[in-house]
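Peer 1: Here my numbering is used: the first residue of the sequence shown is 12, the next is one more, and so on. Glycine included, C-beta positions come from ideal geometry on N, C-alpha and C. No experiment lies behind these values; they were computed from the predicted model shown.
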Amino acid sequence: MTPTGEQSTFQVTARFFGPYKQVTKKRDIDISLTEKSTVSLLLEVIITQYPPLKDLILDEYSKLGSWVVILINGRNMSIFNGLNTPLKEGDTIAIFPPVAGG
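#1: Between the Cα of Q60 and those of M88, G29, L75, S43, spot the shortest distance and give me the residue it belongs to.
#2: For S73, tell me which candidate among L54, E17, G101 has the shortest Cα-Cα distance.
#3: Quick one: give me the first and last residue of the beta strand (DSSP E) that Q22 is part of.
#4: Leaving out five residues before and five after V50 in sequence, what residues of the same chain have Cβ atoms less than 8 Å from its Cβ?
#5: What do you get for S48, buried or exposed, if any count of 16 or more other CB atoms within 10 angstroms of its CB means buried?
#6: Let's test the definition: count the other Cβ atoms within 10 Å of the Cβ of D102 and tell me whether it reaches 16, buried, or not, exposed.
#7: Which stretch, first to last residue, makes up the beta strand (DSSP E) that contains T35?
#8: Which residues share a DSSP beta bridge with N87?
Structure representation (structure tokens):
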């Protein structure tokens, strides 16, 4: 909190790939969040700004689809605290569609 009692804000970058980039029409989007924001809150903000992403990212129960890969500064969010991972100033959150190899 600031001395005036307001929550301070910070910037993160959301980076989109594949069909997510096609929806946003941008590779990177800078997003302002308030202190103690998590990956889950970031996804809510992104889906509010880009409603078509909801069906691409969330399953029928409004949970993150098992097919979505999210990296925080190049590391899979699952090694942290998943959707409850706190974010901080300057973080880059990359959102990937499923990737198949051959």
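Peer 2: According to the data block:
#1: Numbered from its first residue, the sequence shown carries residue 60 at position 49. Of the listed residues, the one whose Cα sits closest to Q60 is S43.
#2: As a first step, residue 73 is located in the sequence shown; it is residue number 62 there, counting from the start. Out of L54, E17, G101, L54 has the C-alpha closest to the C-alpha of S73.
#3: As a working mapping, residue 22 is identified with position 11 in the sequence shown. From DSSP, the beta strand (DSSP E) with Q22 extends over 20-27.
#4: Taking the first residue of the sequence shown as 1, we reach residue 50 at position 39. Result list for V50: I81, I83, M88, G93, L94, N95, T96, L98, I104, in chain order.
#5: Within the sequence shown, residue 48 is the residue found at index 37, counting from 1. Classification for S48: buried.
#6: Reading the sequence shown from its first residue, position 91 is the one you call residue 102. So D102 counts as buried.
#7: Here residue 35 is taken as the residue at index 24 of the sequence shown, counted from 1. Looking at the DSSP string, T35 is not in any beta strand (DSSP E); the run it does join, the alpha helix (DSSP H), is 30-35.
#8: Reading the sequence shown from its first residue, position 76 is the one you call residue 87. Beta-bridge pairing links N87 to L82.
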